[in-house]
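Under the numbering used here, the first residue of the sequence shown carries the number 9, and numbering increases by one thereafter. The beta carbon of each residue, even a glycine, is placed where N, CA and C say it ideally should be. These numbers were taken from a predicted model, which means no experiment stands behind them. One structure below.
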Amino acid sequence: KVVDFHYEYKNVDDKPAKLVYAIEIPYRGSVAELSHQIVTARMDPIMQFLKADRELLGVLQKFVERENQAFYDDRDEMLLEKFRSNGTPNVDTLALDVEKLYREEHLEFAERIGPTDEEIFAQSYHQLVHSSLLPEILNKEREYARTIASLSTQMTQQINTMNTLHQEEIEAKLKLLDISITPENINHMLAKQYGMQNMIRKQCESELESTRGHQKHEYRHWVTQHVDESFLGQSTESPTQIGNRWSMISAQTPSMEESFTIHLGSQLKHMHNIRILSARVADLCSPLYGEGSFGGPNVALGLYSSSLCGIVVLTPSGTISPDRELRRNANLSTEFHFEQIDRQIERIQEDLRNLQ
Numbered sequence: 009k010v011v012d013f014h015y016e017y018k019n020v021d022d023k024p025a026k027l028v029y030a031i032e033i034p035y036r037g038s039v040a041e042l043s044h045q046i047v048t049a050r051m052d053p054i055m056q057f058l059k060a061d062r063e064l065l066g067v068l069q070k071f072v073e074r075e076n077q078a079f080y081d082d083r084d085e086m087l088l089e090k091f092r093s094n095g096t097p098n099v100d101t102l103a104l105d106v107e108k109l110y111r112e113e114h115l116e117f118a119e120r121i122g123p124t125d126e127e128i129f130a131q132s133y134h135q136l137v138h139s140s141l142l143p144e145i146l147n148k149e150r151e152y153a154r155t156i157a158s159l160s161t162q163m164t165q166q167i168n169t170m171n172t173l174h175q176e177e178i179e180a181k182l183k184l185l186d187i188s189i190t191p192e193n194i195n196h197m198l199a200k201q202y203g204m205q206n207m208i209r210k211q212c213e214s215e216l217e218s219t220r221g222h223q224k225h226e227y228r229h230w231v232t233q234h235v236d237e238s239f240l241g242q243s244t245e246s247p248t249q250i251g252n253r254w255s256m257i258s259a260q261t262p263s264m265e266e267s268f269t270i271h272l273g274s275q276l277k278h279m280h281n282i283r284i285l286s287a288r289v290a291d292l293c294s295p296l297y298g299e300g301s302f303g304g305p306n307v308a309l310g311l312y313s314s315s316l317c318g319i320v321v322l323t324p325s326g327t328i329s330p331d332r333e334l335r336r337n338a339n340l341s342t343e344f345h346f347e348q349i350d351r352q353i354e355r356i357q358e359d360l361r362n363l364q
């Protein structure tokens, strides 16, 4: 319904005035905004500068609350009267109706509980890698890695070329120092070059980040799409067992190697096969791996499983900075299962600082 709001006030010339404004009840909007609208539409423009809406707000707030309450009271009384006139109510029907309304309201606004996108992807990936689709998964990852590696190489070449040109430009200007070039000119040129280098670097990093995000979304969508009901009902035994993956560590011939078996546990013995070899870690962790390298089926089969595996990298004592080559190598591909290595290292360093 529509109710007229009557308001008496003093005008700009200090003379009494009165306004009438139609308001739809129940009013569910902002009363403060409505107060400003009334002042703009019904009062002298100068009243806006005199903050007339502040005086109006209190009166309008009480009016809206009173009319809203009266509307709901009348509505409830009408429903009760209708309820009484229909005779004895069916309590079971009313209970079912209330339950339905409550359930719909709860489902609409309550926090949704169920598997997250991360959990769905983990389950789907675990199903696929233990199936005949494992080679296809690895090929897709290699294609993505080649794209990122190509972009990264182009970025490095572009920055190196620009640095070389800037260096040659500075050297040429230095030969003219105190002749036609002043130190202020050199400093200005250096600042300009630094700004240009920073801009180019940020553009390249933004392009890399965008490409990684697109690849991650596309890859996860591809994995989950391949796990349909018919596929889940089939046997998903992997053609390559996890227990044999240590024989596939590297296609290279290491200079030093030793393999042995250990048994752990006081009551229930667990057997672990360990292989120690001397090799370049960067080669083992290359995203552009070959079929027999460490990064292929070895890592894929071990993800989202109860089998723990990893690489221990020895570093100088007292040094916590990551290996630069290993870090650069890891950034040559998109990390589909975890955060990029830079963010992981930041988290580790934050934890170390908090422990100090």
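Any contact of the region 110-120 with the region 210-221, i.e. 3+ C-beta pairs under 8 Å? At 8 Å Cβ cutoff, the stretches do not touch.
Apart from the five residues just before and just after residue 62, which ones in its own chain have a Cβ nearer than 7 Å to its Cβ? Hits under 7 Å: none found.
Backbone CA spacing between residue 173 and residue 166 [nearest angstrom]: Residue 173 and residue 166: Cα-Cα distance of roughly 11 Å.
Residue interval of the beta strand (DSSP E) (run including residue 24): Going by DSSP, residue 24 is part of the beta strand (DSSP E) stretching over 24-32.
Report buried or exposed for residue 3, applying the criterion of at least 16 other Cβ atoms within 10 angstroms of its Cβ. Outside the displayed span of the chain (9 to 364) sits residue 3, for which this structure offers no information.
Beta-carbon proximity list for residue 171, same chain, < 6 Å, skipping 5 on both sides: Taken in chain order, the list of residues that qualify is empty.
So, does the region 21-30 touch the region 69-82, judging by three or more C-beta pairs under 8 Å? Touching, no.
Along the chain, where does the alpha helix (DSSP H) containing residue 197 start, and where does it finish? For residue 197, the enclosing alpha helix (DSSP H) stretches over residues 191-233.
When the Cβ atoms of the region 187-196 are set against those of the region 140-155, are three or more pairs found closer than 8 Å? With a cut-off of 8 Å, the region 140-155 and the region 187-196 do not count as touching, because too few Cβ pairs lie within range.
Which same chain residues, not among the five before or five after residue 64, have their C-beta less than 8 Å away from its C-beta? Closer than 8 Å at Cβ, skipping near neighbours: 15, 17, 43, 46 and 47.
Buried or exposed, going by whether 16 or more other CB atoms sit within 10 Å of the CB of residue 204? Exposed, since its Cβ has fewer than 16 Cβ neighbours within 10 Å.
Can the beta-carbon of residue 340 be found less than 7 Å from the beta-carbon of residue 189? Cβ atoms of residue 340 and residue 189: not closer than 7 Å.
Identify which residue in 164, 274, 21 and 308 has its Cα closest to the Cα of residue 345. For the residues 164, 274, 21 and 308, the minimum Cα distance to residue 345 belongs to 308.
Buried or exposed for residue 132, please, with buried defined as at least 16 other CB atoms from any protein chain shown within 10 angstroms of its CB. So residue 132 ends up on the buried side.
Just the C-alpha distance for residue 258 and residue 305, rounded to the nearest angstrom, thanks. Residue placement at residue 258 cannot be trusted, given a pLDDT of 42 that sits under 50; what the coordinates show is reported in the next sentence. When rounded, the separation of the alpha-carbon atoms in residue 258 and residue 305 is 12 Å.
Nearest to residue 264 (by Cα), restricted to the options 284, 272 and 276: The shortest C-alpha separation from residue 264 is found at 284.
Do residue 224 and residue 342 count as a contact pair if the criterion is CB distance below 7 Å? With a cutoff of 7 Å on beta-carbon distance, residue 342 and residue 224 are scored as near each other.
How would you write the range of the alpha helix (DSSP H) that residue 48 sits in, first residue to last? In this chain, the alpha helix (DSSP H) harbouring residue 48 covers 39-50.
Identify, in the order they occur along the chain, each residue of the same chain with its Cβ nearer than 7 Å to the Cβ of residue 130, setting aside the five sequence neighbours on each side. These residues qualify, in order along the chain: 312.
For residue 93, collect the residues of the same chain with a Cβ closer than 8 Å to its Cβ; drop the 5 residues on either side in sequence, then sort them by chain order. Result list for residue 93: empty, nothing under 8 Å.
Three-state secondary structure assigned by DSSP to residue 251: Summary for residue 251: the model assigns pLDDT 41, below 50, so the residue's position carries little reliability; its value from the coordinates is reported in the next sentence. Residue 251 falls in the helix class under three-state DSSP.
What residue range is occupied by the uninterrupted beta strand (DSSP E) comprising residue 269? 264-272 is the extent of the beta strand (DSSP E) around residue 269.
Compute the distance between the beta-carbons of residue 235 and residue 135, then report whether it is under 7 Å. Yes, Cβ-Cβ distance for residue 235 and residue 135 is below 7 Å.
Looking only at C-alpha atoms, which of 212, 222, 127 and 275 sits nearest to residue 161? If we check each option's Cα against that of residue 161, 212 comes out closest.
Suppose you measure from the CA of residue 80 to the CA of residue 33; what does that come to, to the nearest Å? Roughly 10 Å between the two C-alpha positions.
Compare the beta carbon distance of residue 51 and residue 40 with 7 Å and say whether it is the shorter of the two. Contact: no.
Please report the straight-line C-alpha distance between residue 255 and residue 140, rounded to a whole angstrom. Because the pLDDT of residue 255 is 39, which lies under 50, any placement of that residue in the model is unreliable, and the question is left without a value.
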